[in-house]
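Report on the following structure.
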Amino acid sequence: MSVKDYACFLVNAENITGPQLVQMLNIFLVIVSVLSFVIAGVFHYFFAKQIVKPVKILSNAAKEVSAGRTPAPIDVSTSSGLAELASNFNQMVETLASVQNQREEMLKDIAHELRTPLTNMNGYLEALHHEVIKGDAALFGSLLDESQRITRVVELITELNAWDKGIYFLQKPFEEIEMDKLLHESVTAFDLKLQHTFSTFEADFEPAVMKGHRDGLKQVLTNLLQNTIDYNEGNHFYIRGVCVDHTYRITLSHHGQWIDPEQKEMIFDRFYRIERSRSTPGTGLGLAIARRIIEAHQGSISVETDGHHHRFSITLPLHVDFFINP
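Residue numbers (the numbering used here): 5 to 330.
Quick look at the structure:
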């Protein structure tokens, strides 16, 4: 009811004088004003609770992130209209935490890989310095081996970062590659080792031409063949290359050291090494580099295993417009 309607109602209902009418209208206006204020206050309270409080929580969580800490996940159910923002923020925090954990693990792994050769070198050099031992060809050969091991780790880390950033493509663009010939060259380079390791091995490659980074793909094959030899526990090995639906699929199969089927994807992580293989020389970077190179070719690399029988598969597109995606 408007003030005008209320005034007409009063005039028609009773014989009210002008001053009385004004007084009653003033009382009506006061009551309406108070009710409006109370209603507005209630709406403001709930609005502030539903909007301002979640914003404050997000702000405090953002301050935690900027300070280098990982805040607790924000309860999305209490964020009302900000539920999507809170969910995205939680995902961002999880990603940052994962990246931080990977960085910390990588630093630990690098330290682990470098600690042993550095400790050995320091021990030899300290003994030489105090004349506890005398230098000879065998000793200097050991020092050289340890030095080369350190250099190799640094080179592999540099190589992996280069593939991550697409630097190799700037240095050498893609070229046409005859995949059957590339596979044959790679296997031939390991021919003596393969004959010594396996009683029988098969190699069969269908002809195909694709565009790619020749040195990079050869590095992938070298890493896989070397791993096959280093971690083998069987007598038979086969490697095949076939054309399947506009892709070229390379398969390597053998009986090797135990790989937990539930953790098979971890072997492609940086510095990951199976406990039983830690006594075998290596850095744990070979398969990580292989995956990055294959992904740079818009392909995929995977492993299927029951624990001991391993089958590595590489799938590469034969016809694709290449673009750098570091």
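Positions of the beta carbon are idealized from the N, C-alpha and C atoms, including for glycine.
Straight-line Cα distance separating residue j from residue i
i	j	result
I78	N92	10 Å
A300	F178	11 Å
E308	L100	30 Å
T123	P321	46 Å
D149	R119	14 Å
T255	Y128	44 Å
G45	S37	12 Å
D310	E98	32 Å
I181	A212	8 Å
E68	I61	11 Å
I298	F209	19 Å
E163	L86	43 Å
L198	Y242	10 Å
I328	W167	Unreliable positioning characterises I328 in this predicted model, as indicated by a pLDDT of 43, which lies under 50. A coordinate reading is not provided.
H259	P121	31 Å
L147	M125	6 Å
Q27	E88	53 Å
D249	H323	11 Å
G303	V103	24 Å
R253	R244	8 Å
P75	E109	21 Å
F50	V59	14 Å
E130	I114	24 Å
S219	H200	Ser is not the amino acid found at residue 219; the sequence shown has Asp there. In a straight line, the C-alpha of D219 is about 26 Å away from that of H200.
F326	G145	Residue confidence for F326 is low, a pLDDT of 49 falling below 50, so the modelled location carries little weight; the figure read from the coordinates is stated next. Approximately 45 Å, taken between the alpha carbons.
F41	I31	15 Å
H312	H240	13 Å
I154	L228	22 Å
I161	L289	8 Å
F202	N94	51 Å
T192	L143	34 Å
L334	N105	This structure leaves residue 334 out entirely; the chain is present only between 5 and 330.
P23	L33	15 Å
N236	A65	50 Å
M183	H134	56 Å
F272	S257	17 Å
Buried or exposed by the 16-neighbour rule on C-beta atoms within 10 Å, applied to residue i
i	result
Q223	buried
V157	buried
N231	buried
L39	exposed
L291	buried
R107	exposed
S281	For S281, the pLDDT reaches just 47, beneath the cut-off of 50, and the residue's location in the model is therefore unreliable, although a value from the coordinates is still provided. By the 10 Å Cβ count, S281 comes out buried.
M96	exposed
R73	exposed
F194	buried
L196	exposed
H314	buried
I35	exposed
I305	buried
L111	exposed
S190	buried
I43	exposed
H48	exposed
Beta-ladder partner(s) of residue i, from DSSP
i	result
T251	V248, P321
L256	I243, F316
K215	E180
N124	Paired residues: none, contrary to the question.
N236	G260
Simplified DSSP state of residue i, which is helix, strand or coil
i	result
S203	coil
V38	helix
Y242	strand
D208	strand
E135	coil
G145	helix
L228	helix
F326	Any reading at F326 must be qualified, since the residue scores a pLDDT of 49, below 50, and its modelled position is unreliable; the value itself is stated next. Note: F326 maps to coil in three-state DSSP.
G45	helix
T162	helix
T74	coil
I305	strand
R282	Since pLDDT at R282 reaches only 47, below the 50 mark, its modelled position is unreliable, and no value is offered.
G311	coil
D273	coil
D79	coil
F343	An answer regarding residue 343 cannot be provided, because it is not within the stretch 5 to 330 covered by the chain.
F50	helix
D195	helix
L289	coil
Residue-level contact to chain C via CB, residue i, 7 Å cutoff
i	result
N105	Although the question refers to chain C, the structure presented lacks it and comprises just one protein chain.
Taking 8 Å as the cut-off, does the stretch 134-147 touch the stretch 256-272 (at least 3 CB pairs, one atom from each stretch)? Judged by pairs of C-beta atoms under 8 Å, the stretch 256-272 does not touch the stretch 134-147, as fewer than three such pairs exist.
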